[in-house]
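Worksheet: one structure, shown below.
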Amino acid sequence: MDQKVLIVDGDPLSLAYHEHVLSRHFRVETAQSAAQALDILHRDGPFPVVVSDLFLPSPGGRTFLAKVRRACPEAVHIVLAADPTPECIMNAVNNQNVFGFFCK
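Just remember that the numbering used here sits 1 ahead of the position in the sequence shown, which is counted from 1.
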């Protein structure tokens, strides 16, 4: 279990669920905000996989994606979002270099 995954979600139940599922196969770190996640990235990174909510509070999901790309350019980024529009999904996949997009 040497692969690390960072999960970022402001919803504690969603965060706990994803941590529970992924911790069976990966070393999981969690953060409830983009700022906390960036601290973890700089302290414990790089992370091969980052799973995050697109609708994070300040600095926001899109800004967070850009900062992750700079901090961990090789990371696979998977985005979660509740009730995303089709345009939101297309933008994330096409413009934010997101590997996967999942609705929660």
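The beta-carbon is built from N, C-alpha and C at its ideal position, and this holds for glycine as well.
Following the continuous alpha helix (DSSP H) through residue i, name the residue where it begins and the one where it ends.
{"i": "residue 105", "result": "That residue, residue 105, is in no alpha helix (DSSP H); it is neither H nor E in DSSP."}
{"i": "residue 34", "result": "It is not in any alpha helix (DSSP H) - residue 34 carries neither H nor E in the DSSP assignment."}
Using CA atoms only, rank isn't needed, just tell me which of the options is closest to residue i.
{"i": "residue 98", "options": "34, 23, 65, 84", "result": "65"}
{"i": "residue 33", "options": "24, 61, 25, 27", "result": "61"}
By the three-class DSSP mapping on this structure, what secondary structure does residue i have?
{"i": "residue 28", "result": "strand"}
{"i": "residue 75", "result": "coil"}
{"i": "residue 86", "result": "coil"}
{"i": "residue 61", "result": "coil"}
{"i": "residue 98", "result": "coil"}
Name, in chain order, the residues that DSSP records as bridge partners for residue i.
{"i": "residue 53", "result": "9, 80"}
Could you tell me whether the stretch 43-51 touches the stretch 59-77, using the rule of 3 or more Cβ pairs below 8 Å? yes
Could you check whether the stretch 74-86 touches the stretch 47-63, counting it as contact only if at least three pairs of C-beta atoms, one from each stretch, sit closer than 8 Å? yes
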